[in-house]
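Chemist: Encoded as structure tokens, here's the structure I'll be asking about.
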Amino acid sequence: MGRTLADMRAVSVVGIGLHRYQKSSKTPYVELGLSAVREALADAEIEWSTVESAFVGNAVLGMAPGRAMLKHLGATGLTLCQVENASASGSTAIRHACLEVATGISDVSIAIGVDKPGTVPISMSWTGAERLSSMSPLLSFALLTNEYMNRYGATPEQIAAVAVKNHGNAASNPYAQFQKVRSLDEVLEHPVAGSLTRLQCCPFGEGAAAVILASDEGIERLGIAAGRAVEVIGSVSRSERVYTPGDSVIVELTRETATQAFDEAGVGPADLDVVEVHDAFSVEELLYTEALGLCAEGEGARYLAEGRSQIGGDCAVSASGGLIAMGHPFGPTGVGQVVEIARQLRGEAGVRQHAGARVGLAHMVGLGQVCLVHILRARI
Amino acid sequence: MSERVAKRPTLFTVPPAPSTETKLRGARCSSGHLFFPPQQIGCEVCGLYGDEIEIIELDASGTLQSFALSHRQQRPGSTAPLIIGTVALDAGPALEVVLDVDDTAGLSCGQRVAGHLVDVGEDESSRRIVDCFFAPTEPAEPAG
Ligand SMILES: [Zn+2]
């Protein structure tokens, strides 16, 4: 086993920025991305010229979108790399920017997520292997939803309650694609597959997110406000192994990735105040609150029903609105999760603020399957 | 009866018409790992490949783990609505399948199911194309 983030120098989030997630529009990705980056620079109160490296997460834009966007900030010659890891592209960009700083290569690095729905195909469908019945993620999650209800006796209403909570949170998030409170009855309308309805499935839109990471040396040298910095204390990236047939890949993969991240960060599930998970479909939030150890297996629906995952509960889950309601524009999503957690840990989340938030966790899975978990902690 | 051809020839067998019986083609690595769909380019458990992996026939029978009526198609160009399921094969692997049933009323988790051939169209040479769909082989558990 090599070294982990815990063995290297401290790395902190010092700047955050977003472009609202929205329906696909005529706005070029360049403008979406620049808007998020400029907001992050203003938040950190630093100049673009101080950023030494950039990692641009995108999944559906195609080849080499980075420099054509970033040159408009001044072409400084910085290290630049595009990162593609399906839905986890942005989370992977965060991880590589963290490592760039933690290893001492850069004092200041930026992770950016930007995407627009495009026509880029999914390479894993070109492996040459035939499938008996290749299902879209929606259909696979419809099957997983029914299996969850059957195994644990959960009802369609209990699963739909995830979407009620997350649409409620997104209603006060100015960067969310959906900003409307929804009743349980509204969420249960418009069946799509199995018991999944339209409002229980994330929208695939466009947007951008940016997170600036810095070492303590960078913070001091550039005069960045250390009190608003949020330390990244765990960063783990894993991929699917071979699991027992019938076990859910995303659950097993999430459990082992989170376990490793908790070890690295020296915290446990009980320490978490805010969590953002890959809730592309409502049932996923229940599966992940269980897999992360916030509650026992099969207790996800009750954990939610008791209000423990609400803002102000034990641990605010998807205070941003999550993928279901804030949206899932691919590249930006994982970066946007870290933006929300940093905002919460700074105590700057306004009406969405989870009081006293000190430790947060961001979780994404990506087709393939890959899983990324980051754990962050307030510095003061 | 005209000649028949499998929609996915590497995945299941097609006996002479009019039989609708089929076997799935799976694979077993010399490490013992048994999997579906079959391939010999490398075992996911140990990395052995080529002759170390044997293509075998698997009974297309198992237990229904889950099912759902989907109003959306599997992929662009396919039909909807359709009923899909997750089947745990008796041979071990679990797979997502299309269920050849009219509605979900006769389905329950834990029910015995099996694959059979279904006529899904005709190719350029006027051969009938058959696919492997699954259906219950016993009545559903009473609800509740
Ligand atoms: Zn093997």
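Those sequence lines, one after another, are chains A and B. The opening position of the first sequence corresponds to residue 1 in the working numbering, with each subsequent residue numbered one higher. The opening position of the second sequence corresponds to residue 1001 in the working numbering, with each subsequent residue numbered one higher. Virtual Cβ for every residue (Gly too), placed ideally from N, Cα, C. Note that the structure is predicted; figures quoted are calculated from it, not measured.
Are the beta-carbon atoms belonging to Lys-385 (chain A) and Tyr-29 (chain A) less than 7 Å from one another?
Modeler: A question about residue 385 (chain A) goes unanswered here, because the residues of chain A that appear run from 1 up to 380.
Chemist: Mind listing the chain A neighbours of Ile-1084 (chain B)? Cutoff is C-beta to C-beta under 7 Å, in chain order.
Modeler: Position 84 of the second sequence, counted from the first residue, corresponds to residue 1084 (chain B). By Cβ distance, chain A contributes Met-135, Leu-139, Leu-143.
Chemist: Taking CB distances under 7 Å as the criterion, tell me whether Gln-1040 (chain B) reaches chain A.
Modeler: Position 40 of the second sequence, counted from the first residue, corresponds to residue 1040 (chain B). Not closer than 7 Å to any Cβ of chain A, the Cβ of Gln-1040 (chain B) fails to qualify, so no.
Chemist: How many angstroms separate the CA atom of Ser-215 (chain A) from the CA atom of Leu-70 (chain A)?
Modeler: Locating residue 215 (chain A) in the first sequence gives position 215, counting from the first residue. Locating residue 70 (chain A) in the first sequence gives position 70, counting from the first residue. In a straight line, the C-alpha of Ser-215 (chain A) is about 22 Å away from that of Leu-70 (chain A).
Chemist: Terminal residues of the continuous beta strand (DSSP E) containing Val-81 (chain A)?
Modeler: Position 81 of the first sequence, counting from 1, holds the residue named residue 81 (chain A). Rather than Val, the amino acid found at residue 81 (chain A) in this sequence is Cys. Note, Cys-81 (chain A): beta strand (DSSP E), 79-83.
Chemist: Taking the alpha carbon of Lys-180 (chain A) as the point to measure from, which residue in A:Val-192, A:Leu-199, A:Glu-147 has its own alpha carbon closest?
Modeler: One-based indexing of the first sequence puts residue 180 (chain A) at position 180. Selected option, being the one with the closest Cα: A:Leu-199.
Chemist: For the region 190-215 of chain A, which residues have a CB atom closer than 7 Å to at least one CB atom of chain B, in sequence order?
Modeler: Residues passing the 7 Å Cβ filter: Pro-191, Val-192, Ala-193, Gly-194.
Chemist: Counting only Cβ pairs nearer than 8 Å, list the residues of chain B close to Val-242 (chain A).
Modeler: Position 242 of the first sequence, counted from the first residue, corresponds to residue 242 (chain A). By Cβ distance, chain B contributes His-1033, Glu-1044, Val-1045.
Chemist: Any chance you could list the residues with Cβ under 6 Å from a heavy atom of ligand 1, keeping chain order?
Modeler: The set, ordered by position in the chain, is B:Cys-1029, B:Ser-1031, B:His-1033, B:Cys-1043, B:Val-1045, B:Cys-1046, B:Leu-1048.
Chemist: Could you pull the start and end residues of the alpha helix (DSSP H) that Gly-17 (chain A) belongs to?
Modeler: The residue you call residue 17 (chain A) lines up with position 17 of the first sequence. Gly-17 (chain A) -> not in any alpha helix (DSSP H); beta strand (DSSP E) instead, spanning 11-22.
Chemist: Give every residue of the same chain whose Cβ lies closer than 8 Å to the Cβ of Arg-20 (chain A), excluding the five residues on either side of it in the sequence, and list them in chain order.
Modeler: One-based indexing of the first sequence puts residue 20 (chain A) at position 20. Pro-174, Tyr-175, Ala-176, Gln-177, Gly-207, listed in sequence order.
Chemist: So that I know if they touch, is there some Cβ in chain B lying closer than 7 Å to that of Leu-286 (chain A)?
Modeler: Indexing the first sequence from 1 puts residue 286 (chain A) at position 286. With 7 Å as the cut-off, Leu-286 (chain A) does not count as an interface residue toward chain B.
Chemist: So what does DSSP say about Ile-1041 (chain B), is it helix, strand or coil?
Modeler: Residue numbering aside, residue 1041 (chain B) sits at position 41 when the second sequence is read from its first letter. Note: Ile-1041 (chain B) maps to coil in three-state DSSP.
Chemist: Taking the continuous alpha helix (DSSP H) assigned at Arg-1127 (chain B), which residues delimit it?
Modeler: Taking the second sequence and counting its residues from 1, one reaches residue 1127 (chain B) at position 127. Premise fails: Arg-1127 (chain B) is in no alpha helix (DSSP H) and is neither H nor E.
Chemist: Would Ser-1070 (chain B) count as contacting chain A if we go by Cβ distances under 7 Å?
Modeler: One-based indexing of the second sequence puts residue 1070 (chain B) at position 70. Taking Cβ atoms only, chain A reaches closer than 7 Å to Ser-1070 (chain B), which makes this a yes.
Chemist: Tell me whether Gln-344 (chain A) sits in a helix, a strand or coil according to DSSP, three-state version.
Modeler: Working through the first sequence from its first residue, we reach residue 344 (chain A) at position 344. In the structure shown, Gln-344 (chain A) sits in a helix (DSSP, three-state: H, G or I).
Chemist: Should Gly-298 (chain A) and Pro-269 (chain A) be called a contact, given that it needs their Cβ atoms to be closer than 7 Å?
Modeler: Taking the first sequence and counting its residues from 1, the one referred to as residue 298 (chain A) is at position 298. Taking the first sequence and counting its residues from 1, the one referred to as residue 269 (chain A) is at position 269. No, the pair does not count as a contact, with Cβ atoms beyond the cut-off.
Chemist: With three or more C-beta pairs closer than 8 Å as the rule, is the region 278-291 of chain A touching the region 30-41 of chain A?
Modeler: No, they do not touch.
Chemist: Going by beta-carbon coordinates alone, are Ser-89 (chain A) and Val-351 (chain A) separated by less than 7 Å?
Modeler: The residue labelled residue 89 (chain A) in the question sits at position 89 within the first sequence. The residue labelled residue 351 (chain A) in the question sits at position 351 within the first sequence. Cβ atoms of Ser-89 (chain A) and Val-351 (chain A): not closer than 7 Å.
Chemist: Following the continuous beta strand (DSSP E) through Asp-115 (chain A), name the residue where it begins and the one where it ends.
Modeler: Here residue 115 (chain A) refers to the residue found at position 115 of the first sequence. Note, Asp-115 (chain A): beta strand (DSSP E), 108-115.
Chemist: Using DSSP with H/G/I as helix, E/B as strand and the rest coil, what is Gly-334 (chain A)?
Modeler: Here residue 334 (chain A) refers to the residue found at position 334 when the first sequence is read from its first residue. In the structure shown, Gly-334 (chain A) sits in a helix (DSSP, three-state: H, G or I).
Chemist: Relative to chain A, which residues along the region 1088-1100 of chain B have a C-beta separation below 9 Å, given in chain order?
Modeler: Correct list: Ala-1088, Leu-1089, Gly-1092, Pro-1093, Ala-1094, Leu-1095, Glu-1096, Val-1097, Val-1098.
Chemist: Hey, does Glu-47 (chain A) have any beta-carbon neighbour from chain B nearer than 7 Å?
Modeler: Position 47 of the first sequence, counted from the first residue, corresponds to residue 47 (chain A). It does not; no Cβ of chain B falls within 7 Å.
Chemist: In this structure, what does DSSP give as the bridge partners for His-363 (chain A)?
Modeler: Along the first sequence, one-based indexing puts residue 363 (chain A) at 363. Partner(s): A:Val-373.
Chemist: Can you list, in chain order, the residues of its chain with a C-beta nearer than 6 Å to that of Gly-1144 (chain B)? Leave out the 5 residues immediately preceding and following it.
Modeler: Here the question's residue 1144 (chain B) lines up with position 144 in the second sequence. Confidence at Gly-1144 (chain B) is low in this model, with a pLDDT of 45, below 50, so its placement is unreliable and the value that follows should be read with caution. Once the five neighbours on either side are set aside, Gly-1144 (chain B) has no close Cβ partner at all.
Chemist: Identify each residue in the region 1002-1029 of chain B for which the Cβ-Cβ distance to at least one residue of chain A is less than 7 Å, and report them in chain order.
Modeler: So the close ones are Arg-1008, Thr-1010, Leu-1011.
Chemist: Taking the beta carbon of Val-51 (chain A) as the centre, do at least 16 other beta carbons fall within 10 Å, making it buried, or is it exposed?
Modeler: Counting from one through the first sequence, the residue named residue 51 (chain A) turns up at place 51. Buried: at least 16 other Cβ atoms inside 10 Å.
Chemist: Taking all protein chains shown into account, do 16 or more other C-beta atoms lie within 10 angstroms of the C-beta of Glu-1096 (chain B), making it buried, or fewer, making it exposed?
Modeler: Within the second sequence, the letter at position 96 stands for residue 1096 (chain B). Buried, since its Cβ has 16 or more Cβ neighbours within 10 Å.
Chemist: Mind checking whether Leu-139 (chain A) and Ile-1084 (chain B) have CB atoms under 7 Å apart?
Modeler: Taking the first sequence and counting its residues from 1, one reaches residue 139 (chain A) at position 139. Taking the second sequence and counting its residues from 1, one reaches residue 1084 (chain B) at position 84. Contact flag set, yes.
Chemist: I want to verify the contact list: residues of chain B whose CB lies under 8 Å from the CB of Ala-463 (chain A), in sequence order.
Modeler: No answer is possible for residue 463 (chain A): it lies beyond the span of chain A, which begins at 1 and ends at 380.
Chemist: Quick one: grab the DSSP three-state call for His-72 (chain A).
Modeler: Along the first sequence, one-based indexing puts residue 72 (chain A) at 72. His-72 (chain A): helix per DSSP, three-state reduction.
Chemist: Determine the DSSP secondary structure at Cys-201 (chain A), reduced to helix, strand or coil.
Modeler: Numbered from its first residue, the first sequence carries residue 201 (chain A) at position 201. Strand.
Chemist: Counting contacts by CB-CB distance shorter than 7 Å, is Ser-1061 (chain B) in contact with chain A?
Modeler: Locating residue 1061 (chain B) in the second sequence gives position 61, where the first residue counts as 1. It does not: the Cβ of Ser-1061 (chain B) has no partner Cβ on chain A nearer than 7 Å.
Chemist: Cβ of Ala-160 (chain A) less than 7 Å from any chain B Cβ?
Modeler: Here residue 160 (chain A) refers to the residue found at position 160 of the first sequence. Output row for Ala-160 (chain A): interface = no.
Chemist: What are the boundary residues of the beta strand (DSSP E) that Gln-1065 (chain B) is part of?
Modeler: Translated into positions along the second sequence, residue 1065 (chain B) becomes position 65. Here the beta strand (DSSP E) through Gln-1065 (chain B) covers 1061-1070.
Chemist: Under 7 Å, Cβ to Cβ, is there at least one residue of chain A near Gly-1144 (chain B)?
Modeler: Counted from its first residue, the second sequence places residue 1144 (chain B) at position 144. Summary for Gly-1144 (chain B): the model assigns pLDDT 45, below 50, so the residue's position carries little reliability, and this model does not support an answer.
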